[in-house]
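S.K.:
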Ligand code: 4GO
């Protein structure tokens, strides 16, 4: 059987941070079922000298430390030797802002080598000579790239076929079709006086689908109206919006 497998290699001075990340839930099952291979390289293992130093003072002065290029370069070469078809990513606030579309793009690679910086960041010559792509998980600064790497690995892993329970489980997610997801309900039917919408108990699958689409549109309109900018509407969706429009006009002009 041909089975898609993705190889993640993280480079960090704190590789132990990834032990719990790879050890729980869906990510753990993906490792156990060999749908992903998780390995880490301790950059310090490639540092030279008695003190295994990975950082140094910045040329030109200023505060903070910079990750030395030689240990990082050797660590990246070791990762590429083990996983030659992988794409090398650097997690940095200067990268492309990560989103679901980029997650799909990255899921196409055989593997990812994720470089996690610390201190003020890595020597610029590493960025220019060894990195295929720079990714940011959002416009804020972290003390290290490790959590950003986990976020990228998590979002990519759940797109790999077979990782989620049902084969199509990720297709209904928020963002997959450009809308937010509708709300979800489980038992009890009445929770502290708050009831599950009747339609969800009706067993009428067509009506349930219609209710969910309307709920998705409503949420997106109220919480993330910006998502409509880059998304075409189906005729069914336009009809739902037209109906609201009419309902609102009735309120205004009555
Ligand atoms: C990544 C890394 C923020 C991000 C980081 C981000 N901060 N927004 N910090 O994806 C250099 C040293 C980068 C610490 C690292």
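Residue numbers (my numbering): 9 to 262. The C-beta atom is built at its ideal place from N, Cα and C for all residues, glycine as well.
Answer with buried or exposed for residue 154, where buried requires no fewer than 16 other C-beta atoms within 10 angstroms of its C-beta.
M.R.: Translated into the one-based positions of the chain shown, residue 154 becomes position 146. Burial call: buried.
S.K.: Let me check understanding here. Comparing Cα to Cα, which of 147, 101, 163, 185 lies closest to residue 271?
M.R.: Residue coverage of the chain in this structure runs from 9 to 262, which leaves residue 271 outside it and unanswerable.
S.K.: Quick one, are the C-beta atoms of residue 114 and residue 157 less than 7 Å apart?
M.R.: On the chain shown, residue 114 is found 106 positions in, with the first residue counted as 1. On the chain shown, residue 157 is found 149 positions in, with the first residue counted as 1. Against a cut-off of 7 Å, the Cβ pair of residue 157 and residue 114 comes out as no contact.
S.K.: Just to confirm the assignment, what range does the beta strand (DSSP E) spanning residue 142 have?
M.R.: Position 134 of the chain shown, counted from the first residue, corresponds to residue 142. First-last of the beta strand (DSSP E) with residue 142: 141-144.
S.K.: How big is the Cα-Cα spacing for residue 168 and residue 112?
M.R.: The residue you call residue 168 lines up with position 160 of the chain shown. The residue you call residue 112 lines up with position 104 of the chain shown. Taking the straight line from one Cα to the other gives about 9 Å.
S.K.: For the pair the stretch 92-100 and the stretch 127-142, tell me if three or more CB-CB distances fall below 8 Å.
M.R.: Touching, yes.
S.K.: Buried or exposed for residue 196, please, with buried defined as at least 16 other CB atoms from any protein chain shown within 10 angstroms of its CB.
M.R.: If you number the chain shown from 1, residue 196 lands on position 188. Looking at its Cβ environment, which holds fewer than 16 other Cβ atoms inside 10 Å, residue 196 is exposed.
S.K.: From which residue to which residue does the alpha helix (DSSP H) around residue 224 run?
M.R.: For the purposes of this step, residue 224 is taken as residue 216 along the chain shown, with counting starting at 1. First-last of the alpha helix (DSSP H) with residue 224: 213-231.
S.K.: Three-state secondary structure (DSSP) at residue 264?
M.R.: Only positions 9 to 262 of the chain appear in this structure, which leaves residue 264 out of reach.
S.K.: What residue does the alpha helix (DSSP H) around residue 33 start on, and which one ends it?
M.R.: What you label residue 33 is simply residue 25 of the chain shown in a count that begins at 1. Its alpha helix (DSSP H) spans residues 33-40.
S.K.: Less than 6 Å between the CB of residue 160 and some heavy atom of the ligand 4GO, yes or no?
M.R.: Against the chain shown, residue 160 aligns to sequence position 152. Checking every heavy atom of the ligand 4GO against the Cβ of residue 160, none is found closer than 6 Å.
S.K.: Contact between the stretch 53-70 and the stretch 101-111: three or more CB pairs below 8 Å?
M.R.: Contact between the stretch 53-70 and the stretch 101-111 is absent, because fewer than three Cβ pairs lie under 8 Å.
S.K.: Measure the beta-carbon distance from residue 79 to residue 133 and round it to whole angstroms, keeping in mind my assumption that it falls under 8 Å.
M.R.: Looking up residue 79 in the chain shown gives position 71. Looking up residue 133 in the chain shown gives position 125. Not confirmed; about 13 Å, so no contact.
S.K.: Cα-Cα, which of 146, 83, 41 is closest to residue 19?
M.R.: Against the chain shown, residue 19 aligns to sequence position 11. The shortest Cα separation from residue 19 among 146, 83, 41 belongs to 83.
S.K.: Starting from residue 18, follow its DSSP beta bridges and name the residues at the other end.
M.R.: Against the chain shown, residue 18 aligns to sequence position 10. Answer is 48, 122.
S.K.: Quick test of your reading: residue 150 and residue 119, contact by CB under 8 Å. State the CB separation rounded to the nearest angstrom.
M.R.: Taking the chain shown and counting its residues from 1, one reaches residue 150 at position 142. Taking the chain shown and counting its residues from 1, one reaches residue 119 at position 111. That pair is no contact at about 23 Å.
S.K.: For residue 240, does the count of other Cβ atoms within 10 angstroms reach 16, so buried, or fall short, so exposed?
M.R.: Working through the chain shown from its first residue, we reach residue 240 at position 232. Exposed, by the Cβ-count rule.
S.K.: By DSSP, does residue 30 sit in helix, in strand, or in coil?
M.R.: The residue labelled residue 30 in the question sits at position 22 within the chain shown. The answer is helix: DSSP assigns residue 30 an H, G or I state.
S.K.: Checking 7 Å against the spacing of the C-beta atoms, do residue 259 and residue 165 come in under that value?
M.R.: Looking up residue 259 in the chain shown gives position 251. Looking up residue 165 in the chain shown gives position 157. No, these two residues do not count as a Cβ contact at 7 Å.
S.K.: Return yes when at least one heavy atom of the ligand 4GO lies under 6 Å from the C-beta of residue 101, else no.
M.R.: Along the chain shown, read from residue 1 onward, the residue named residue 101 stands at position 93. Result yes, Cβ under 6 Å from the ligand 4GO.
S.K.: Any heavy atom of the ligand 4GO closer than 6 Å to the CB of residue 150?
M.R.: Here the question's residue 150 lines up with position 142 in the chain shown. Yes, since a heavy atom of the ligand 4GO falls inside the 6 Å radius drawn around the Cβ of residue 150.
S.K.: Compute the distance between the beta-carbons of residue 86 and residue 17, then report whether it is under 7 Å.
M.R.: If you number the chain shown from 1, residue 86 lands on position 78. If you number the chain shown from 1, residue 17 lands on position 9. Taking 7 Å as the Cβ cut-off, residue 86 and residue 17 do not qualify as a contacting pair.
S.K.: Less than 7 Å between C-beta atoms, sequence neighbours within five positions excluded: which residues of the same chain meet that for residue 127?
M.R.: Reading the chain shown from its first residue, position 119 is the one you call residue 127. Here the set comprises 63, 72, 73, 74, 75.
S.K.: Can you give me the C-alpha to C-alpha distance between residue 190 and residue 262, rounded to a whole angstrom?
M.R.: Mapped onto the chain shown, residue 190 falls at position 182. Mapped onto the chain shown, residue 262 falls at position 254. Distance between the alpha carbons of residue 190 and residue 262 is about 31 Å.
S.K.: Let's test the definition: count the other Cβ atoms within 10 Å of the Cβ of residue 225 and tell me whether it reaches 16, buried, or not, exposed.
M.R.: One-based indexing of the chain shown puts residue 225 at position 217. Buried.
S.K.: Is residue 8 near the ligand 4GO - that is, is its Cβ less than 6 Å away from at least one heavy atom of it?
M.R.: Since the first residue shown for the chain is 9 and the last is 262, residue 8 is missing from the structure and cannot be characterised.
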